[in-house]
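The next block holds one structure in the form of structure tokens; read it before the comments.
This is how it looks when you write it as structure tokens:
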């Protein structure tokens, strides 16, 4: 062992741990464990675990730091040196795995993947309506063009006057000329009338107006309005001091603070919310006006759980 290692070992042994410093300060002031536990709203076992540096019996590091800070304030000693010393020796926390009461044992789907799936579904729905409108417009145009091309158009009326020999009556032959595309109707019958010779040689009848069909307007496509994002309201109240950390569905931390006893906080965001409570007893929580029961998630005074939209 080198001299530097020996000096490092001696210096580490010379500095008391966080629990030893808090215990020495408590004994110097003549306070018992039960008095400190009652003032900190903790049980005697938790206070004893802090003084003996028993990390196995303590909750997550974030809550232990809150306990140490409150303990130091209670004894009137500076909290920052104790917190810095604790962070040097604090155990590494495993990755948080959020679980709900109905989906235990199943992996939670990534929120980013869910948003991508919803956006893709909306684009597919819009594309489907556009394609459907084009198909309907093509069908209507085809039927309209077929009906317009098969309608007969009367171009005019032609009359001829034929004189009978030797003073006979004149005969007027009227022929109606119809032009149509690929029509199979037989020609109009020829009408022969006997008129006196005083009738003029040609008589014009009024022309028939051409019939023009007006195409029907095409149906308009309904606009697809994307759904608005619905915000959820989360209300939390605690009768005793408790450290609280809350993340929304976008992994954004919306609360990280010590909630004093008798206080309540409310916030709006997109569910589901991921909640961590340092002291979970006497904490009431509701989402969108419905009470959420946190008792199944309480372990050693703390709780971690996921709040879904009701």
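Numbering (my numbering), first residue to last: 9 to 318.
Backbone N, C-alpha and C define an ideal beta-carbon position, used for all residues, glycine too.
Practice task
Write down every uninterrupted run of the beta strand (DSSP E) in the stretch 222–305 whose length is 3 residues or greater and which is fully enclosed by it, in chain order.
Solution key: The stretch 222–305 contains these whole beta strand (DSSP E) runs: 240–246, 250–255, 261–267, 271–277, 281–285, 291–295 and 298–300.
Practice task
Give me the Cα-Cα distance between residue 279 and residue 64, rounded to the nearest whole angstrom.
Solution key: Counting from one through the chain shown, the residue named residue 279 turns up at place 271. Counting from one through the chain shown, the residue named residue 64 turns up at place 56. Answer to the nearest angstrom: the Cα atoms are 33 Å apart.
Exercise for the section: Answer with buried or exposed for residue 28, where buried requires no fewer than 16 other C-beta atoms within 10 angstroms of its C-beta. Expected result: Looking up residue 28 in the chain shown gives position 20. Under this definition residue 28 is an exposed residue.
Handout entry: Residues that DSSP places opposite residue 307 in a beta bridge
Key = As a first step, residue 307 is located in the chain shown; it is residue number 299 there, counting from the start. Per DSSP, 310.
Practice task
On a CA-only basis, which of 119, 238 and 302 is nearest residue 314? Give me that one, please.
Solution key: Here residue 314 corresponds to residue number 306 of the chain shown, with the count starting at 1. The shortest Cα separation from residue 314 among 119, 238 and 302 belongs to 302.
Exercise for the section: Would you check if the distance between the CB atom of residue 240 and the CB atom of residue 317 is smaller than 8 Å? Expected result: As a working note, residue 240 is residue 232 in the chain shown. As a working note, residue 317 is residue 309 in the chain shown. Contact flag set, yes.
Exercise for the section: To the nearest angstrom, report how far apart residue 244 and residue 83 are at their CA atoms. Expected result: Counted from its first residue, the chain shown places residue 244 at position 236. Counted from its first residue, the chain shown places residue 83 at position 75. Taking the straight line joining both Cα atoms gives about 30 Å.
Handout entry: Of the listed residues 298, 289, 143 and 297, nearest to residue 304 (C-alpha basis)
Key = Here residue 304 corresponds to residue number 296 of the chain shown, with the count starting at 1. For the residues 298, 289, 143 and 297, the minimum Cα distance to residue 304 belongs to 289.
Problem - Whole-angstrom C-beta distance between residue 61 and residue 25, which should lie under 8 Å - result: Residue 25 sits at position 17 when you count from the first residue of the chain shown. Residue 61 sits at position 53 when you count from the first residue of the chain shown. Yes, residue 25 and residue 61 are in contact; Cβ-Cβ is about 5 Å, under 8 Å.
Exercise for the section: Take the Cβ of residue 127 as the centre, count every other Cβ of all protein chains shown within 10 Å, and call the residue buried at 16 or more, exposed below. Expected result: For this step, residue 127 is matched to residue 119 along the chain shown. Residue 127 comes out exposed.
Problem - Three-state secondary structure (DSSP) of residue 315 - result: Within the chain shown, residue 315 is the residue found at index 307, counting from 1. In the structure shown, residue 315 sits in a strand (DSSP, three-state: E or B).
Practice task
Report the residue from 266, 75 and 55 whose alpha carbon sits nearest the alpha carbon of residue 251.
Solution key: What you label residue 251 is simply residue 243 of the chain shown in a count that begins at 1. Closest option to residue 251, Cα to Cα, is 266.
Exercise for the section: Could you tell me whether the Cβ atoms of residue 261 and residue 253 are closer together than 8 Å? Expected result: If you number the chain shown from 1, residue 261 lands on position 253. If you number the chain shown from 1, residue 253 lands on position 245. Against a cut-off of 8 Å, the Cβ pair of residue 253 and residue 261 comes out as a contact.
Exercise for the section: Rank 74, 247, 296 and 135 by C-alpha distance to the C-alpha of residue 286 and give the top, closest one. Expected result: Numbered from 1 along the chain shown, position 278 holds the residue referred to as residue 286. With distances taken between Cα atoms, residue 286 lies closest to 74.
Practice task
With DSSP as the reference, label residue 191 as helix, strand or coil.
Solution key: Counting from 1 along the chain shown, the entry for residue 191 is found at position 183. Legend: pLDDT at residue 191 = 46, less than 50; position of this residue unreliable, no value from coordinates given.
Exercise for the section: Can you give me the start and stop residues for the alpha helix (DSSP H) that residue 54 sits inside? Expected result: Locating residue 54 in the chain shown gives position 46, counting from the first residue. Where residue 54 is concerned, the enclosing alpha helix (DSSP H) stretches over 52–59.
Practice task
Taking residue 31 as part of the alpha helix (DSSP H), name the residues at either end of that continuous run.
Solution key: Here residue 31 corresponds to residue number 23 of the chain shown, with the count starting at 1. Note, residue 31: alpha helix (DSSP H), 26–37.
Problem - Backbone secondary structure at residue 23 - three-state DSSP - result: Residue 23 sits at position 15 when you count from the first residue of the chain shown. The answer is coil: DSSP assigns residue 23 none of H, G, I, E or B.
Exercise for the section: Under 6 Å Cβ to Cβ from residue 276, same chain only, skipping five residues before and after it: list those, please. Expected result: The residue given as residue 276 occupies position 268 in the chain shown. Cβ neighbours of residue 276 beyond the five flanking positions: 239 and 241.
Handout entry: Neighbourhood of residue 306 by C-beta, 6 Å cutoff - its chain only, sequence neighbours within 5 removed
Key = To locate residue 306, count along the chain shown from 1; it is residue 298. Within its own chain, the residues whose Cβ lies closer than 6 Å to the Cβ of residue 306, once the five positions on either side in sequence are excluded, are 288, listed in chain order.
Practice task
Would you mind working out which of 247, 38 and 54 sits nearest residue 272, comparing C-alpha positions?
Solution key: In the chain shown, the residue the question calls residue 272 occupies position 264. For residue 272, the closest C-alpha among the options 247, 38 and 54 is that of 247.
Exercise for the section: Excluding the 5 residues preceding and the 5 following residue 67 in the sequence, name in chain order all residues of the same chain whose CB lies nearer than 6 Å to its CB. Expected result: Mapped onto the chain shown, residue 67 falls at position 59. For residue 67, where only same-chain residues beyond five positions count, the Cβ hits under 6 Å are 308 and 310.
Handout entry: Beta carbon of residue 80 nearer than 8 Å to that of residue 93
Key = Locating residue 80 in the chain shown gives position 72, counting from the first residue. Locating residue 93 in the chain shown gives position 85, counting from the first residue. Result no, Cβ atoms of residue 80 and residue 93 do not sit closer than 8 Å.
Problem - Backbone CA spacing between residue 249 and residue 269 [nearest angstrom] - result: Within the chain shown, numbered from 1, the residue matching residue 249 stands at position 241. Within the chain shown, numbered from 1, the residue matching residue 269 stands at position 261. Residue 249 and residue 269: Cα-Cα distance of roughly 5 Å.
Handout entry: Which listed residue (34, 99 and 125) has its alpha carbon closest to that of residue 85
Key = To locate residue 85, count along the chain shown from 1; it is residue 77. Selected option, being the one with the closest Cα: 34.
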